[in-house]
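In what follows, a single structure is set out as structure tokens and then discussed.
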Amino acid sequence: MHMPYDDQLKYKQKTVNSLLSEFCKVNRIIGMDNPYHYRNKVQAAFGWDNRKKKCISGVYQSNSHRLVPVDNCLIEDEKADEIIVCIRGLADSFKLRPYDEDRRTGFIRHVLVKRGFTTNEIMVVIVSATPVFPSRNNFVKALLKEHPEITTIVHNINPFDTNLVLGKQNKVLYGKGYIEDELCGCTFRISPSSFYQINPVQTEVLYSTAIDYAELTGSESFFDSYCGTGTIGIIAAKKAGRVLGVELNRDAVRDAISNAKRNNTHNIYFQSGDAGEFLTALAKEGEHFDVVMMDPPRAGSSKEFLKSVCTMKPKRIVYVSCNPVTLARDLKYLTSHGYKAEAIQPVDMFPFTKHVETVVKLSGEK
Ligand code: SAH
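Here the sequence shown stands for residues 0 to 365, numbered as in numbering that gives the first Met the number 0.
Okay, structure coming up:
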């Protein structure tokens, strides 16, 4: 965080170069023109300052339960931060004490705000431990009076002793209960728990690069593995013959199906399951894809998945990675089993953090 932005980019470039230049020349990292306030999703934990007798909100210090108060943060959406500070003030004036984990008393545990970058829709999720929201209607009215730009408010109930922010139950208090946003000309629904990339400007850069690398001409069969809520596959479907997406998380698959409908995409199908097992079963049945897109979590892909890709022999593989270390490991496998890396493009999705995202184009050797 102390590093000037240009130095951060140099540092990330060096990291990617040292891990990946043995496979192919690494392009220059694509940074942001304005690397501040890019996070479109902000969550704050709520707690009690016993000396000041006031509600506080912020983040936990790492490996601890000490709540560090945050009013604003240089990488978070400014409107979202304002709304969280406002809710903190309202909680005090409505005498709503935040939840106390040790005593299991109090109400608000977390507040989560998500904003649609192109649509400007704003969702506020108030997470509590107990289902009864004291003076609920007046609280909602007061919040909307301060922030009429909020388009939906959801009450999420999380009674569990857990590190997860959200519980399973949602009650819509105002608006439609979700927001929408646009990426690369498609519209996506964002509900309280659905996964959505947090840096909208760079996500367009990342997705456009990945889809360019796929070199689609309109007729290809396209496999979108680790597809999340189907974003890459739905955008790619416009330029492909047919698309199949696979994803482990069932809720994400449900969102992917509704996203496909929302965009009138008829040549896409989704399947829930482990990408490796699923691809292995398809490969055994003799199924073929022209292009395989893969966007695995930080741990990278499984051996099983990589093995089955190499059995299936797609013309091209596009690998989107959020961890260059596991990417290097997986590229070693793919390049020693018939594939050649043709382009490597790092994209800075998370300025002021150590993370770096990378897209790789691989082609089958003739
Ligand atoms: N491509 C999407 C999501 C990428 S995040 C996007 O850009 O939005 C990686 C996704 O892989 C997550 O949604 C996670 O649930 C999923 N995942 C993790 N392990 C998996 C596995 N073994 N098989 C299939 N999907 C998996």
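Just so you know, even glycine gets a beta-carbon here, dropped at the ideal spot from N, CA and C.
What residue range does the alpha helix (DSSP H) around residue i cover?
| i | result |
| --- | --- |
| M311 | K302 to M311 |
| Y10 | Y4 to L19 |
| V139 | R135 to E145 |
| G232 | T230 to A236 |
| A342 | It is not in any alpha helix (DSSP H) - A342 instead sits in the beta strand (DSSP E) that spans Y338 to V346. |
| R253 | R249 to R261 |
| C85 | E77 to S92 |
| E246 | Looking at the DSSP string, E246 is not in any alpha helix (DSSP H); the run it does join, the beta strand (DSSP E), is R241 to E246. |
| G275 | A274 to K283 |
Output the boundary residues of the beta strand (DSSP E) element that contains residue i.
| i | result |
| --- | --- |
| C185 | C185 to I189 |
| I178 | I178 to L182 |
| P68 | L66 to P68 |
| E203 | That residue, E203, is in no beta strand (DSSP E); its alpha helix (DSSP H) goes P199 to A213. |
| L361 | E356 to G363 |
| G46 | K40 to D48 |
| T325 | Here T325 belongs to no beta strand (DSSP E); instead the alpha helix (DSSP H) covers P323 to T334. |
| S220 | S220 to S224 |
| N169 | Q168 to Y173 |
| K113 | I107 to R114 |
| F288 | Premise fails: F288 is in no beta strand (DSSP E) and is neither H nor E. |
| R315 | R315 to S320 |
| V126 | I121 to S127 |
| K53 | K53 to Y59 |
| V153 | T151 to I156 |
| I267 | I267 to S271 |
Less than 7 Å separating the Cβ of residue i from some heavy atom of ligand 1?
| i | result |
| --- | --- |
| F288 | no |
| N248 | yes |
| I256 | no |
| C85 | no |
| G363 | no |
| T230 | yes |
| V346 | no |
| A274 | yes |
| D5 | no |
| D374 | Missing from the structure shown is residue 374; the chain here goes from 0 to 365 and no further. |
| C185 | no |
| Q168 | no |
| C226 | yes |
| F194 | yes |
| V366 | Lying outside 0 to 365, the shown extent of the chain, residue 366 is not represented and no answer is given. |
| A213 | no |
| A251 | yes |
What number of angstroms, rounded off, separates the C-alpha of residue i from the C-alpha of residue j?
| i | j | result |
| --- | --- | --- |
| R38 | G227 | 19 Å |
| I267 | T216 | 16 Å |
| F349 | Q7 | 11 Å |
| E430 | A274 | Nothing can be reported for residue 430: it is not among the residues displayed for the chain, which extend from 0 to 365. |
| T118 | D180 | 6 Å |
| P97 | A282 | 53 Å |
| T202 | L95 | 38 Å |
| V171 | Y10 | 44 Å |
| S301 | Q196 | 23 Å |
| A79 | A239 | 37 Å |
| V324 | V359 | 14 Å |
| E75 | H36 | 4 Å |
| F221 | N262 | 18 Å |
| A280 | F269 | 15 Å |
| D211 | F277 | 26 Å |
| R249 | N33 | 35 Å |
| C321 | E81 | 30 Å |
| E214 | F194 | 26 Å |
| S192 | L89 | 24 Å |
| L163 | E364 | 45 Å |
Pair every Cβ in the region 175-191 with every Cβ in the region 253-262, then say whether three or more of these pairs are closer than 8 Å.
yes
Would you call the region 302-317 in contact with the region 272-290, where contact means no fewer than 3 C-beta pairs closer than 8 Å?
yes
Any contact of the region 5-16 with the region 45-65, i.e. 3+ C-beta pairs under 8 Å?
no
For the 8 Å Cβ check, are there 3 or more pairs between the region 144-154 and the region 113-130?
yes
Count the C-beta pairs between the region 21-39 and the region 329-341 that are closer than 8 Å, then say yes if the count reaches three, no if not.
yes
If you pair each beta-carbon of the region 101-108 with each one of the region 68-79, do three or more pairs fall below 8 Å?
no
Is there contact between the region 192-210 and the region 138-150, where contact requires at least three CB pairs shorter than 8 Å?
no
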